[in-house]
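One structure is given here, and the rest of the page talks about it.
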Amino acid sequence: MSSFKRDKKEEEDGVGNIFQNIEKTTVLQEARVFNETSVNPRKCTLILTKLLYLLNQGEALNVKEATDVFFAMTKLFQSKDVVLRRMVYLGIKELSSTADDVIIVTSSLTKDMTGKEDIYRAAAIRALCSITDATMLQAIERYMKQAIVDRNSAVSSAALVSSLHMTKMAPEVVKRWVNEAQEAINSDNVMVQYHALGLLYHIRKSDRLAVTKLIAKLTRTTLKSPYAVCMLIRIIAKLLEEEDSGNDFPYFDFIESCLRHKSEMVVYEAAHAIVNLKRTTSKELAPAVSVLQLFCGSPKATLRFAAVRTLNQVAISHPAAVTACNLDLENLITDSNRSIATLAITTLLKTGAESSVDRLMKQIASFVSEISDEFKVVVVQAIRALALKFPRKHNTLMNFLSAMLRDEGGLEYKASIADTIITIIEDNPEAKESGLAHLCEFIEDCEHVSLAVRILHLLGREGPKTKQPSRYIRFIYNRVILECPSIRAAAVSAMAQFGASCPDLLENIQVLLARCQMDSDDEVRDRATYYSSILSKNDKNLYNNFILDTLQVSIPGLERSLKEYTQNSTNQPFDIKSVPLQVGPSPDEREKKHKSEGMLTSQGPLRPPPVSREENFAEKLSAIPGIQQLGPIFKSSDVVELTESETEYFVRCIKHCFAHHVVLQFDCLNTLPDQLLEDVRVELEPSEGFELLSVIPCKQLHYNETNHTYAILKFPDDDLPSCVGTFGAVLKFIVKDCDPTTGIPDSEEGYNDEYILEDLEITLGDQIQRVSKVNWGAAWETAAESSVEKEDTYSLSSMNTLDEAVKNIVQFLGLQPAERTDKVPEGKSTHTLLLSGVFRGGIDILVRAKLALADGVTMQLTVRSPDDSIAELITSSVG
1 MSSFKRDKKE EEDGVGNIFQ NIEKTTVLQE ARVFNETSVN PRKCTLILTK
51 LLYLLNQGEA LNVKEATDVF FAMTKLFQSK DVVLRRMVYL GIKELSSTAD
101 DVIIVTSSLT KDMTGKEDIY RAAAIRALCS ITDATMLQAI ERYMKQAIVD
151 RNSAVSSAAL VSSLHMTKMA PEVVKRWVNE AQEAINSDNV MVQYHALGLL
201 YHIRKSDRLA VTKLIAKLTR TTLKSPYAVC MLIRIIAKLL EEEDSGNDFP
251 YFDFIESCLR HKSEMVVYEA AHAIVNLKRT TSKELAPAVS VLQLFCGSPK
301 ATLRFAAVRT LNQVAISHPA AVTACNLDLE NLITDSNRSI ATLAITTLLK
351 TGAESSVDRL MKQIASFVSE ISDEFKVVVV QAIRALALKF PRKHNTLMNF
401 LSAMLRDEGG LEYKASIADT IITIIEDNPE AKESGLAHLC EFIEDCEHVS
451 LAVRILHLLG REGPKTKQPS RYIRFIYNRV ILECPSIRAA AVSAMAQFGA
501 SCPDLLENIQ VLLARCQMDS DDEVRDRATY YSSILSKNDK NLYNNFILDT
551 LQVSIPGLER SLKEYTQNST NQPFDIKSVP LQVGPSPDER EKKHKSEGML
601 TSQGPLRPPP VSREENFAEK LSAIPGIQQL GPIFKSSDVV ELTESETEYF
651 VRCIKHCFAH HVVLQFDCLN TLPDQLLEDV RVELEPSEGF ELLSVIPCKQ
701 LHYNETNHTY AILKFPDDDL PSCVGTFGAV LKFIVKDCDP TTGIPDSEEG
751 YNDEYILEDL EITLGDQIQR VSKVNWGAAW ETAAESSVEK EDTYSLSSMN
801 TLDEAVKNIV QFLGLQPAER TDKVPEGKST HTLLLSGVFR GGIDILVRAK
851 LALADGVTMQ LTVRSPDDSI AELITSSVG
């Protein structure tokens with residue numbers, strides 16, 4: 001024991017890790033000890049520990065090194081030392097994926113697995129299964145079956161977990177062990193029961209009927225393992241979501257009954273499952289919230305944390321249900337665990353009244369400096385949701401955020417605050433001046449380049465629209481003097497936007513740009529020269545196209561298009577319209593994002609921008625014959641269901657729009673286990689003007705398998721108004737009856753069959769991409785000179801409010817609302833909706849809809865577009 005003692009001096013120095021400075025070469029040389037005739041267990045154990053430490057720290061052995069160590073290690077099987085033997089098993093597991101000829105130890109491991117020494121058997125099973133491949137598995141199948149039902153719980157658990165891992169390489173073999181797994185589920189040991197249920201579900205999860213039978217059987221018995229009950233709750237909850245049949249599903253009652261279970265773990269799992277079900281009503285939610293409310297007063301910190309975190313998530317979708325817990329949450333504000341206190345306050349921020357905001361802000365301020373950055377981000381996101389809910393409180397919230405900006409913190413934390421201030425500015429015009437002032441003050445001392453660049457971009461976009469644009473120039477020009485090249489370049493771009501938008505500042509901006517042309521960095525000089533040249537032309541059209549509304553293309557799409565262009569030898573100039581557009585978020589997506597704020601997630605606000613739907617589909621579609629020649633994909637629609645989800649054949653459609661063509665992708669699912677479908681295709685009755693070029697069938701569709709069939713159509717060439725239409729659709733296929741268990745057809749011959757699908761619409765919105773205009777007013781004025789204008793007046797008698805009318809217009813046209821005009825101020829009887837977008841082929845569209853509320857809603861729609869037929873198409877489609 002003396003070797004484990006450390007004197008006081010050593011503890012103070014913090015020297016605790018004896019492996020800190022070991023090297024791979026040294027350890028490999030020491031491993032030669034394994035080859036000695038007489039084994040020294042203590043010395044070999046230490047060397048193996050060092051080796052495993054290196055491997056778990058990310059050190060890699062090449063194949064030769066791994067093989068040499070592996071074979072030297074196998075000689076340690078002669079030792080009877082218990083600790084050394086177990087270290088050997090761990091070594092085999094770690095090296096099995098790298099070393100050659102690892103199967104040489106199969107017989108030794110099999111001997112240990114079936115031996116009388118229980119202390120070796122579980123570890124030997126795990127090691128054996130790590131070196132076994134699909135061809136060898138049948139040789140040890142008998143031993144695995146015996147191990148699953150072994151009386152020793154450690155052996156049984158090891159066999160069950162190893163079987164679960166082996167389903168990845170030999171699922172058909174493991175499926176034959178179902179009877180043993182069912183026997184193990186009756187074990188008295190809580191872990192064996194849990195692992196047996198996990199294996200059974202994994203084997204049967206692709207068979208809905210088998211899973212339902214398993215649940216029916218287990219809900220009638222009393223599982224002794226709380227872990228197994230938790231897993232059963234998760235399986236039922238997943239089935240409820242997949243069934244999409246509401247909570248009338250017969251096993252929802254089982255989850256509700258688990259709220260009265262004797263194990264706290266099961267009670268929490270049941271409550272968590274209920275509150276996370278999509279279709280849960282307030283009545284069904286009430287008992288789960290009551291349980292979580294009780295947990296808020298628990299003496300156990302883990303239960304309090306679990307309860308308050310779950311209530312924090314419930315408050316997003318059902319704030320009224322959580323209001324009953326407000327008193328308990330207020331008691332948690334003073335909790336000694338700051339994580340619990342933070343979540344309690346952020347939950348109260350979502351459920352509390354406007355009058356309680358100031359009091360809660362003071363309470364947060366008292367301890368916000370004591371919590372970690374991760375929880376500070378949660379507080380900031382809750383404040384963002386609060387600012388959107390109570391716009392009049394923007395001053396209180398903005399002052400609090402600016403104080404947080406001055407505190408110490410990492411990039412993710414500071415970025416979340418900047419994100420929140422930017423969101424408040426974009427959502428609430430009254431908060432713009434104070435928000436920009438706080439951000440200007442922040443960039444004076446900002447140490448994060450990415451944040452400073454983003455704030456400068458915002459100042460360039462929003463600053464010219466304020467009452468005193470000149471007040472921001474000093475902050476921007478300070479960045480040119482004091483900062484690194486990236487920030488200086490962003491500052492130059494921001495100044496150019498002021499010059500383009502504010503004629504009275506143009507002369508001063510030109511002077512500043514002239515100074516920037518002497519900068520030491522190429523990028524800064526080039527930008528200053530470029531913008532100075534454009535501003536000297538005094539041409540609003542140039543300002544709009546090259547300074548205010550810059551190129552809005554997808555960067556990955558641009559990179560891919562340029563690469564393809566350079567690889568293909570062609571004399572044609574590169575067409576920028578062939579590059580997919582960078583699409584703005586729809587109002588629904590923005591609303592969904594705002595609702596999700598304040599949840600504790602592992603991803604911060606600086607995660608990479610999401611890949612667009614078009615980029616996701618582009619590579620997949622390019623591999624299909626006949627589609628690559630259509631050019632770049634313009635827009636991919638949302639999924640349209642052409643059958644009910646409960647039908648025997650489930651079909652969904654995604655419409656991929658190109659410049660002159662549309663590709664219809666049909667995702668087909670066969671839910672009949674006794675049928676194999678071949679030559680699956682969708683036969684269409686195209687609307688007038690459309691030309692069906694080809695149909696690409698799916699060769700085979702097995703049970704519970706989703707596969708794709710495609711139809712390529714050409715849009716009408718001359719008559720644009722006829723490019724919207726409704727298609728009849730029929731699913732056609734050859735049916736072969738087959739064995740439900742193996743999926744093998746009974747005979748080679750099948751019979752033709754068909755299934756009627758719902759009609760499919762090609763709409764105007766399918767052919768328009770949402771594109772934001774930074775300065776919509778400037779774009780509208782420019783379009784007056786170069787575009788065709790169409791205007792018409794409509795009576796929207798079916799709509800009773802302006803808000804309803806705005807939502808319907810945006811959804812129907814598929815255009816991007818500008819300057820937050822998709823939000824109608826309260827109490828207004830008139831409103832102007834500003835929209836922008838691009839029609840397939842790269843043709844710009846600007847729409848102004850003036851709405852007035854009387855008996856119904858009256859709308860005056862004005863469309864400007866370079867193409868007369870597109871302006872006509874939009875006005876006629878609305879009519």
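In terms of UniProt numbering, the sequence shown is residues 1 to 879.
C-beta: ideal position from N, C-alpha, C; glycine also.
| Per-residue burial, glutamate 644 [other beta carbons within 10 Å of its own, 16 or more giving buried] | Here the question's residue 644 lines up with position 644 in the sequence shown. Burial call: exposed.
| request: Measure from the alpha carbon of valine 190 to the alpha carbon of each residue in Thr222, Ile203 and Ala228, then state which is nearest. | output: Numbered from 1 along the sequence shown, position 190 holds the residue referred to as residue 190. Of the candidates Thr222, Ile203 and Ala228, the one whose C-alpha sits nearest the C-alpha of valine 190 is Ala228.
| query | According to the neighbour-count rule (16 or more other Cβ atoms, all chains shown, within 10 Å of its Cβ), is histidine 195 buried or exposed? | reply | Reading the sequence shown from its first residue, position 195 is the one you call residue 195. Buried, by the Cβ-count rule.
| task | Could you tell me the distance, in whole angstroms, from the CA atom of isoleucine 140 to the CA atom of leucine 199? | result | Taking the first residue of the sequence shown as 1, we reach residue 140 at position 140. Taking the first residue of the sequence shown as 1, we reach residue 199 at position 199. If you draw a straight line from the Cα of isoleucine 140 to the Cα of leucine 199, it comes to about 18 Å.
| message | With a threshold of 8 Å, are at least 3 pairs of Cβ atoms found where one atom belongs to the segment 71-79 and the other to the segment 114-130? | response | no
| request: Please find out if some non-hydrogen atom of the ligand ADP comes closer than 6 Å to the beta-carbon of aspartate 519. | output: Only the bare structure without any ligand can be found here, which leaves the ligand ADP out of the picture.
| Beta-bridge pairing of lysine 714 - partner residues as DSSP gives them | The sequence position of residue 714 within the sequence shown is 714, counting from 1. According to DSSP, which records beta bridges pairwise, lysine 714 is partnered with His661 and Glu691.
| Which parts of the segment 274-332 are runs of the alpha helix (DSSP H), unbroken and 4 residues or longer, counting only runs that do not cross its ends? | DSSP runs (the alpha helix (DSSP H)) wholly in the segment 274-332: 282-296, 301-317, 319-322 and 326-332.
| query | So what's glutamate 242 in DSSP terms, helix, strand or just coil? | reply | For this step, residue 242 is matched to residue 242 along the sequence shown. The answer is helix: DSSP assigns glutamate 242 an H, G or I state.
| request: Would you kindly work out how many angstroms separate the C-alpha atoms of serine 366 and threonine 342, rounded to a whole number? | output: For the purposes of this step, residue 366 is taken as the residue at position 366 of the sequence shown. For the purposes of this step, residue 342 is taken as the residue at position 342 of the sequence shown. Spanning the two alpha carbons is a distance of roughly 11 Å.
| query | Among Glu330, Ser156, Glu648 and Val663, which residue has its Cα nearest to the Cα of alanine 630? | reply | The sequence position of residue 630 within the sequence shown is 630, counting from 1. It is leucine, not alanine, that sits at residue 630 in the sequence shown. Comparing Cα-Cα distances from leucine 630 to each of Glu330, Ser156, Glu648 and Val663, the minimum goes to Val663.
| Straight-line Cα distance separating isoleucine 455 from leucine 482 | Position 482 of the sequence shown, counted from the first residue, corresponds to residue 482. Position 455 of the sequence shown, counted from the first residue, corresponds to residue 455. So the two alpha carbons sit approximately 16 Å from each other.
| query | Are there three or more Cβ pairs, one per stretch, closer than 8 Å when the segment 696-712 is compared with the segment 661-680? | reply | yes
| task | Let me know the alpha helix (DSSP H) ranges lying completely inside the segment 40-76, each 4 residues or longer, listed in chain order. | result | Those alpha helix (DSSP H) runs which fall completely within the segment 40-76 and span 4+ residues are 41-56 and 63-74.
| Which whole-angstrom value is the C-beta distance of serine 694 and lysine 773, which I expect to be below 8 Å? | Here residue 694 is taken as the residue at index 694 of the sequence shown, counted from 1. Here residue 773 is taken as the residue at index 773 of the sequence shown, counted from 1. Serine 694 to lysine 773, Cβ: 38 Å. No contact.
| query | When you compare only the Cα positions, how much space is there between aspartate 674 and proline 250? | reply | Position 674 of the sequence shown, counted from the first residue, corresponds to residue 674. Position 250 of the sequence shown, counted from the first residue, corresponds to residue 250. Roughly 26 Å separates the two Cα atoms.
| task | Under the assumption that isoleucine 809 contacts phenylalanine 839 (Cβ atoms under 8 Å), give the Cβ distance between them as a whole number of angstroms. | result | Reading the sequence shown from its first residue, position 809 is the one you call residue 809. Reading the sequence shown from its first residue, position 839 is the one you call residue 839. Contact doesn't hold; Cβ gap of about 17 Å is too wide.
| said: Check for me: the beta strand (DSSP E) holding glycine 728 runs from which residue to which? | reply: For the purposes of this step, residue 728 is identified with residue 728 of the sequence shown, where counting begins at 1. Note, glycine 728: beta strand (DSSP E), 725-737.
| field | threonine 351 - partner residues in DSSP beta bridges | value | Locating residue 351 in the sequence shown gives position 351, where the first residue counts as 1. When beta bridges are read from the DSSP output, threonine 351 appears opposite no residue.
| Who are the Cβ neighbours of threonine 351 in its own chain at under 7 Å, not counting the five residues just before and after it? | Here residue 351 is taken as the residue at index 351 of the sequence shown, counted from 1. Counting only Cβ-Cβ distances below 7 Å, and skipping sequence neighbours, we find Ala315, Pro319, Val322, Thr323 and Asn326.
| task | Would you tell me roughly how many angstroms separate the C-alpha atoms of arginine 406 and asparagine 478, rounded to the nearest one? | result | Numbered from 1 along the sequence shown, position 406 holds the residue referred to as residue 406. Numbered from 1 along the sequence shown, position 478 holds the residue referred to as residue 478. Distance between the alpha carbons of arginine 406 and asparagine 478: 19 Å.
| request: Kindly indicate which three-state DSSP category tyrosine 472 falls into: helix, strand or coil? | output: Translated into the one-based positions of the sequence shown, residue 472 becomes position 472. The answer is helix: DSSP assigns tyrosine 472 an H, G or I state.
| Between the C-alpha atoms of glutamate 330 and serine 153, what's the straight-line distance to the nearest angstrom? | Within the sequence shown, numbered from 1, the residue matching residue 330 stands at position 330. Within the sequence shown, numbered from 1, the residue matching residue 153 stands at position 153. If you draw a straight line from the Cα of glutamate 330 to the Cα of serine 153, it comes to about 46 Å.
| Other residues of its chain near glutamate 683: CB distance less than 6 Å, five sequence neighbours each side excluded | Reading the sequence shown from its first residue, position 683 is the one you call residue 683. Non-local C-beta neighbours of glutamate 683 in its own chain, meaning closer than 6 Å and more than five positions away in sequence, comprise Val730 and Lys732, ordered along the chain.
| Is the Cβ-Cβ distance between leucine 401 and isoleucine 371 less than 7 Å? | In the sequence shown, the residue the question calls residue 401 occupies position 401. In the sequence shown, the residue the question calls residue 371 occupies position 371. It is not a contact, given that the beta carbons lie outside the stated cut-off.
| field | Sequence-distant residues of its chain with Cβ nearer than 8 Å to isoleucine 255 (five each side left out) | value | Stepping through the sequence shown from its first residue, residue 255 is reached at position 255. These residues qualify, in order along the chain: Ile233, Ile236, Ala237, Ala270, Ala273 and Ile274.
| said: Just to confirm my understanding: we take leucine 397, look at its own chain, exclude 5 residues before and 5 after, and list those with CB closer than 8 Å. What are they? | reply: Against the sequence shown, residue 397 aligns to sequence position 397. Val357, Met361, Ile383, Leu386, Ala387 and Ile424.
| query | Exposed or buried, which one is serine 787 when buried takes at least 16 other CB atoms within 10 Å? | reply | Working through the sequence shown from its first residue, we reach residue 787 at position 787. Buried, since its Cβ has 16 or more Cβ neighbours within 10 Å.
| For valine 63, does the count of other Cβ atoms within 10 angstroms reach 16, so buried, or fall short, so exposed? | For the purposes of this step, residue 63 is identified with residue 63 of the sequence shown, where counting begins at 1. Answer is exposed; the Cβ neighbour count stays below 16.
| Where aspartate 373 and alanine 403 are concerned, what is the direct C-alpha to C-alpha distance, given to the nearest angstrom? | Translated into positions along the sequence shown, residue 373 becomes position 373. Translated into positions along the sequence shown, residue 403 becomes position 403. Straight-line Cα distance between these residues: approximately 15 Å.
| field | Residue from Ala181, Gln146, Tyr755 and Ser369 whose Cα sits closest to the Cα of valine 651 | value | Within the sequence shown, residue 651 is the residue found at index 651, counting from 1. Measuring C-alpha to C-alpha distances from valine 651 to each of Ala181, Gln146, Tyr755 and Ser369 identifies Tyr755 as the nearest.
| request: Please classify tyrosine 251: does DSSP put it in a helix, a strand, or coil? | output: Here the question's residue 251 lines up with position 251 in the sequence shown. Coil.
| query | Between valine 847 and leucine 813, which are expected to be in contact by the criterion C-beta below 8 Å, what is the C-beta distance as a whole number of angstroms? | reply | Looking up residue 847 in the sequence shown gives position 847. Looking up residue 813 in the sequence shown gives position 813. So it is a contact: roughly 7 Å between Cβ atoms.
| query | From this set, His661, Glu758 and Asn545, which residue's C-alpha is nearest threonine 647's C-alpha? | reply | Taking the first residue of the sequence shown as position 1, residue 647 is located at position 647. Closest option to threonine 647, Cα to Cα, is Glu758.
| said: Helix, strand or coil, according to DSSP, for proline 503 in the structure here? | reply: What you label residue 503 is simply residue 503 of the sequence shown in a count that begins at 1. Helix at proline 503.
| said: For proline 625, count the other beta carbons within 10 Å of its own beta carbon; 16 or more makes it buried, fewer makes it exposed. Which is it? | reply: Along the sequence shown, one-based indexing puts residue 625 at 625. Proline 625 should be labelled exposed.
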